[in-house]
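K.L.:
Residue numbers (the working numbering): 2 to 250.
1. What do you get for residue 115, buried or exposed, if any count of 16 or more other CB atoms within 10 angstroms of its CB means buried?
2. Compute the Euclidean distance between the alpha carbons of residue 18 and residue 54, then round it to the nearest angstrom.
3. Are the region 4-17 and the region 162-176 in contact at 8 Å, needing three or more beta carbon pairs?
4. On the premise that residue 233 lies in contact with residue 117, defined as a C-beta separation below 8 Å, what is that separation, rounded to the nearest angstrom?
5. Taking all protein chains shown into account, decide if residue 75 is buried (16 or more other Cβ within 10 angstroms of its Cβ) or exposed.
6. Going by C-alpha distance, which of 35, 211 and 220 is nearest residue 171?
7. CB-CB under 7 Å to residue 227, same chain, minus the five flanking residues each way: which ones, in chain order?
8. Measuring straight from C-alpha to C-alpha, what distance separates residue 235 and residue 60?
9. If you draw a straight line from the C-alpha of residue 220 to the C-alpha of residue 237, how long is it?
10. By how many angstroms is the C-alpha of residue 144 removed from the C-alpha of residue 230?
11. Express the C-alpha separation of residue 152 and residue 183 in angstroms, rounding to a whole number.
12. Is the beta carbon of residue 95 less than 8 Å from the beta carbon of residue 119?
13. With three or more beta-carbon pairs closer than 8 Å as the criterion, would you say the region 69-87 touches the region 96-111?
14. Are three or more beta carbon pairs between the region 211-225 and the region 46-53 nearer than 8 Å?
15. Can you find a heavy atom of the ligand GDP that lies under 7 Å from the Cβ of residue 70?
16. Secondary structure at residue 1, three-state DSSP: helix, strand or coil?
17. Ignoring anything shorter than 3 residues, give me the beta strand (DSSP E) runs that lie fully in the region 75-145, in order along the chain.
18. Can you check whether the CB of residue 57 is closer than 8 Å to the CB of residue 7?
19. Suppose contacts are defined by Cβ-Cβ distances below 8 Å. Is residue 127 in contact with residue 205 by that definition?
20. Would you tell me roughly how many angstroms separate the C-alpha atoms of residue 68 and residue 4, rounded to the nearest one?
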C-alpha cells in the first residue's frame, strides 16, 4: 500500500483510476473519525471510480497512517490533505467527506479555496451551528437518551460532542467483548460504519495516547463568515434517525 510522508506524517492512501486516460476530474473521499478509507473503499469507491479519478486516504491516527502525538485539529489535518494533494500532483478536486472529514475539508477549502471544485458533506457537524437547536434535533435526542440510559452509557445527547464521545463508548463495548446492542448500533453505524476490534482498539489508543481528543473537540475554525465566503457548490446531507435531509449551500 502506498504511503506518503507529508506535513511531517506518513499518510496511507489509495488511488483508483480504472477508466480511460481522459480528462476526468479528480475526486477525493475523506472519512470520519474511528474508521479509515475502508469506509468508502468497498461499497462506494468502485462505483464512483467509473466517473472520477479517485483518491482515498487515511487521516493521521487512523487506518494505516501514522499516529503522531499531536496534530489532530481540523486545520492541521487540512494541511495534511493539502500536502498529500501536492505530493500526488492534484491541483484541484471534488470532495466527498463524511462527519469529521467534512470539517477537515471545509478547513482546507477556507484556506485554499482554489483547490476545491465542489464539496459534498455527509453528517458533518460544525461548531458555528451547534448552538442552533431545531425541534427535530431535540426530538431525536429524546428518542436516543433512553437507549443510552438503558445500557448504562453515561452520555448526554445534548452535549455538542455527543457523537464523538459515543464512538469511544462503542469501541469500549467491542474491546471488552460485549455485543453492541442493536438499538445502539443503529445510532452509531452512520457515524463510523461497521468496524472491527482492530479499529476500535486503534481509536481507544488514539484517545489515550495523543492530544486527539482535546484537539478534535476544540474550535473547528469554521466561523460563519469564512463559510459564507466560499464560492463553489456545497451539498450537505444529514441523517436524523431514519429520516434524512439535504441542503444546498
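The C-beta atom is built at its ideal place from N, Cα and C for all residues, glycine as well. Every value quoted in this text rests on a predicted model; they were computed, and no experiment measured them.
P.N.:
Judging by the given coordinates:
1. exposed
2. 5 Å
3. no
4. 5 Å
5. buried
6. 35
7. 111
8. 22 Å
9. 20 Å
10. 36 Å
11. 11 Å
12. yes
13. yes
14. no
15. This structure does not include the ligand GDP; it has no bound ligands of any sort.
16. Since the first residue of the chain shown is 2 and the last is 250, residue 1 is not available in this structure.
17. 94-99 and 117-123
18. no
19. no
20. 13 Å
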